[in-house]
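Numbering (this note's numbering), first residue to last: 3 to 350.
Note that beta-carbon positions come from the ideal geometry of N, C-alpha and C, so glycine has one too.
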Amino acid sequence: MKKMKFSRDKIYFDYAATTPMDPLVKKAMEPYFFEKFGNPSSIHSFGQEAMAIVDESREKIANIIGASPVGGFQEIIFTGSATEANNLALRGIIKKFRIKNLELRDPLYSKSYILNPRIIVSAIEHESILETCRDLEKDGIEIIYLPVNKQGIVDLNKLKESLNERTILVSVMYANNEIGTIQPISAIAEIVKEFRIKNLEFRNKKNPQSSILNPQFYPLFHTDAVQAFQFLDCDINKLWVDLMTLSGHKIYGPKGIGLLYAKNLEFRIKDLGIKNKKILNPQSLILLLLAAGRNSTFARARKMSLQLRVLAKPLSWPIKIAKKKQKEFPNFQIIFGEKSKKYFQKLR
Numbered sequence: 003m004k005k006m007k008f009s010r011d012k013i014y015f016d017y018a019a020t021t022p023m024d025p026l027v028k029k030a031m032e033p034y035f036f037e038k039f040g041n042p043s044s045i046h047s048f049g050q051e052a053m054a055i056v057d058e059s060r061e062k063i064a065n066i067i068g069a070s071p072v073g074g075f076q077e078i079i080f081t082g083s084a085t086e087a088n089n090l091a092l093r094g095i096i097k098k099f100r101i102k103n104l105e106l107r108d109p110l111y112s113k114s115y116i117l118n119p120r121i122i123v124s125a126i127e128h129e130s131i132l133e134t135c136r137d138l139e140k141d142g143i144e145i146i147y148l149p150v151n152k153q154g155i156v157d158l159n160k161l162k163e164s165l166n167e168r169t170i171l172v173s174v175m176y177a178n179n180e181i182g183t184i185q186p187i188s189a190i191a192e193i194v195k196e197f198r199i200k201n202l203e204f205r206n207k208k209n210p211q212s213s214i215l216n217p218q219f220y221p222l223f224h225t226d227a228v229q230a231f232q233f234l235d236c237d238i239n240k241l242w243v244d245l246m247t248l249s250g251h252k253i254y255g256p257k258g259i260g261l262l263y264a265k266n267l268e269f270r271i272k273d274l275g276i277k278n279k280k281i282l283n284p285q286s287l288i289l290l291l292l293a294a295g296r297n298s299t300f301a302r303a304r305k306m307s308l309q310l311r312v313l314a315k316p317l318s319w320p321i322k323i324a325k326k327k328q329k330e331f332p333n334f335q336i337i338f339g340e341k342s343k344k345y346f347q348k349l350r
């Protein structure tokens with residue numbers, strides 16, 4: 003990666019919010035602004051050429067996150083942002099659950115049950131999740147907000163207590179953008195999976211035809227992996243997630259690109275008032291260009307994080323760096339003191 007150029011008077015640290023575009027990404031995108039500008043939805047050669055790039059991008063992204071080699075690329079939904087992807091995950095599951103069950107008229111589910119399902123999220127989710135949840139509560143959806151401990155880790159016992167037969171979705175972010183906490187996603191997924199099996203056994207016991215009528219088993223598990231993608235392993239087979247949100251501008255790509263991985267799910271996007279963006283412009287290519295280097299990026303970022311801590315220690319000025327006793331993310335928070343100038347001179 004080429005060195006980014008910044009003002010000598012300013013140093014940019016807020017990479018958890020957004021990153022500058024990598025020159026290699028810019029170079030890779032240039033042909034699609036000028037020579038290869040076709041609309042992927044068009045049937046002529048310009049459009050088909052663009053569509054081929056979109057399909058190639060989707061397939062490569064599917065491979066990176068471990069989606070099924072047979073049809074897995076169809077589970078990649080391109081969106082205009084991670085916020086839109088998170089909205090689609092929550093609202094899409096609710097729409098699918100309601101429409102499917104009202105159509106099937108499964109006797110196991112009453113109308114009130116279908117209209118008032120439960121969603122469980124952590125209390126420290128990104129605002130795009132929390133704001134959506136607050137809006138869904140107005141529509142009769144029950145939202146359970148899981149508490150976290152001093153390190154920001156979700157209370158797994160509370161999760162177990164909160165799961166019930168009305169729960170259709172659990173959403174917990176992989177890595178927090180404020181305090182750097184890495185959630186035990188696989189452990190959470192295992193709890194959800196175990197409850198899902200019990201729920202299935204309950205359904206079959208109550209009505210043997212229920213699973214035949216409605217093969218979709220709940221609850222599903224979603225994680226917002228926007229902060230984690232370039233640093234941590236986001237293989238869906240290791241995480242055991244059903245849905246996962248990613249973003250472009252957090253990994254040195256352009257703004258305006260996000261995606262949602264949705265395992266074996268066909269969302270009726272038109273019901274959400276969102277244009278079907280499985281066909282987005284070919285600039286989505288940036289996600290796959292940078293994902294391959296996420297492991298080396300993590301090592302470099304972690305090394306820098308440790309260097310910053312070493313530099314800060316002997317200065318004896320008020321500095322607060324977020325401490326994590328369990329797994330930690332290579333970011334930190336600084337509360338600036340009077341000797342900040344001396345500190346940043348050392349960074350240079």
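When the alpha-carbon of Leu171 is set against those of Gly250, Gly49, Ala264 and His251, the nearest one is in Ala264. Check the Cα spacing between Ser70 and each of Thr247, Lys257 and Asp237: the tightest is with Asp237. For Asp237, there is no enclosing alpha helix (DSSP H), as DSSP gives it neither H nor E.
Within the same chain, His251 come within 6 Å of Lys257 by CB-CB distance, once the 5 residues on both sides are set aside. A straight-line Cα-Cα distance of about 11 Å links Val174 and Leu158. Per the C-alpha coordinates, the member of Ile193, Lys102 and Tyr176 positioned closest to Gln185 is Tyr176. A residue is called buried when at least 16 other Cβ atoms come within 10 angstroms of its Cβ; Ile253 meets this threshold and is buried. Annotation for Lys160: Leu148 and Pro149 place their beta carbon closer than 8 Å to its own, counting only its chain and skipping 5 residues before and after. For Ala84 against Leu248, the beta-carbon gap comes to about 7 Å, under 8 Å, which counts as contact. Check the Cα spacing between Leu92 and each of Ala64, Arg60, Glu127 and Glu61: the tightest is with Glu127. Secondary structure of Phe99 (DSSP, three-state): helix. Per DSSP, the unbroken alpha helix (DSSP H) holding Ala54 starts and ends at Ser47 to Ile67.
Among the bridge pairs identified by DSSP, Ser124 is matched with Leu148. Nearest neighbour of Glu51 by Cα position, chosen from Arg60, Val156 and Gly40, turns out to be Gly40. In this structure, Asn89 lies away from Arg120, with their beta-carbon atoms at least 9 Å apart. Residues His251, Lys252, Ile253 and Tyr254 of the same chain have their beta carbon placed closer than 7 Å to that of Thr21, with the five preceding and five following residues left out of the count. Taking all protein chains in view, the Cβ of Ile259 is crowded by 16 or more other Cβ atoms within 10 Å, so the residue is classified as buried. Residue state for Asp226 is assigned as strand, using DSSP reduced to three classes. In the structure shown, Ser43 adopts coil according to DSSP, grouped into three states. Around the beta carbon of Phe15, fewer than 16 other beta carbons sit within 10 angstroms, so the residue counts as exposed. When secondary structure is reduced to three states using DSSP, Val243 falls in the coil class, being assigned neither helix nor strand.
Lys98 sits buried, since 16 or more C-beta atoms from the chains shown fall within 10 Å of its C-beta. For Gly255, the secondary structure class from DSSP, reduced to helix, strand or coil, is coil. DSSP places Thr21 in no beta strand (DSSP E); its state is neither H nor E. In this structure Ile143 is in contact with Ile96, their Cβ atoms being roughly 6 Å apart against a cut-off of 8 Å. Arg100 and Phe80 have their C-alpha atoms spaced approximately 24 Å apart. The alpha-carbon of Phe48 is positioned some 7 Å away from that of Lys38. Under a 10 Å Cβ-count criterion, Arg60 is classified as buried, with 16 or more other Cβ atoms of the shown protein chains found around its own Cβ.
Along the segment 168-200, the beta strand (DSSP E) occurs as fully enclosed runs of 3 or more residues at 169-173, listed in sequence order. For the pair Glu86 and Leu267, the CB atoms are not nearer than the 9 Å cut-off. In the structure shown, Gly154 adopts coil according to DSSP, grouped into three states.
DSSP places Ile131 within a helical segment (H, G or I) once states are collapsed to three. For the 9 Å CB-CB criterion, His224 and Leu245 form a contact.
Under the three-state reduction of DSSP, Tyr263 is assigned to strand.
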